[in-house]
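Heads up: the structure comes next, in structure tokens.
In the working numbering, the protein residues as written are 207 to 455.
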């Protein structure tokens, strides 16, 4: 076994993009699972910050959380957790370079180059949606005609991070969503509901949009992602129209 100090491990994790507090909490979880109070004590991260840090580590796919009470957090195997996190980083860097290229072309006066993608895999749709949410800096508009329990569980850590970063989140659901689910989401976003929605969508910073099309109950069908300013503006205007005619739960 290689002998090393916790400081060396922490520095290695920070080199991978984790903050100092994330590294402390992740290292504590590598040594053993626990609830938020226990992890706070072992990592020496204040309890007032521990839930935000845990949510961030969940979003990075490094840890998992049980559905019981109290919630028990545990680290994924090192290979699995770091592997999934590495893929996230690579996708994020790729997206950042694409956005930088688009902006720099505009500054340089080159013809506009906007992408439109059709995504047919449910797994890829979720991956792209989470990638968009990680890039959010100002505002998120999310319309979900179907909100299965598993999706509401997965989106909570993302909403916690967005709230911590003071990103405005408006979430539109149908009245079929359970009261418990709406109550959980309302603590982290502004939620409104309406009787029906035909399709759904995600708009981030009024810069990119993903439209959800089709799909059976609780499943993802096909999605269209675009960064074209005209399509983004059209989707954003339509969301605002639906939002104005919806009710607070």
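No residue lacks a Cβ here, since even glycine has one placed at the ideal position from N, Cα and C.
Taking C-alpha positions only, residue 282 is separated from residue 252 by approximately 23 Å.
Of all alpha-carbon atoms in 250, 266 and 225, the one lying nearest the alpha-carbon of residue 337 is that of 266.
Rounded to whole angstroms, the separation of the alpha carbons of residue 287 and residue 351 is 31 Å. Per DSSP, the beta bridge partners of residue 406 are 418. Taking 8 Å as the upper bound for CB-CB distance, residue 417 and residue 427 are not in contact here, some 11 Å apart.
Counted as a single uninterrupted DSSP element, the alpha helix (DSSP H) harbouring residue 216 occupies residues 212-221. In the displayed model, residue 443 falls within a helix according to three-state DSSP. If the five residues before and after residue 369 are omitted, its C-beta is found closer than 8 Å to the C-beta atoms of 375, 394 and 395, all from its own chain and listed in chain order. The beta-carbon distance between residue 398 and residue 452, rounded to whole angstroms, is 4 Å. This is short enough to meet the 8 Å contact definition. In the assembly as shown, residue 310 is an exposed residue. Its beta-carbon has fewer than 16 other beta-carbons within 10 Å.
By the Cβ neighbour-count rule, residue 414 is buried, with 16 or more other Cβ atoms within 10 Å of its own. An exposed status is given to residue 295, since fewer than 16 other beta-carbon atoms sit within 10 Å of its beta-carbon. Taking a C-beta distance under 7 Å as the contact criterion, residue 388 and residue 455 qualify as a contact pair. Each of 228, 276, 345 and 290 was checked against the Cα of residue 258, and the nearest Cα belongs to 228.
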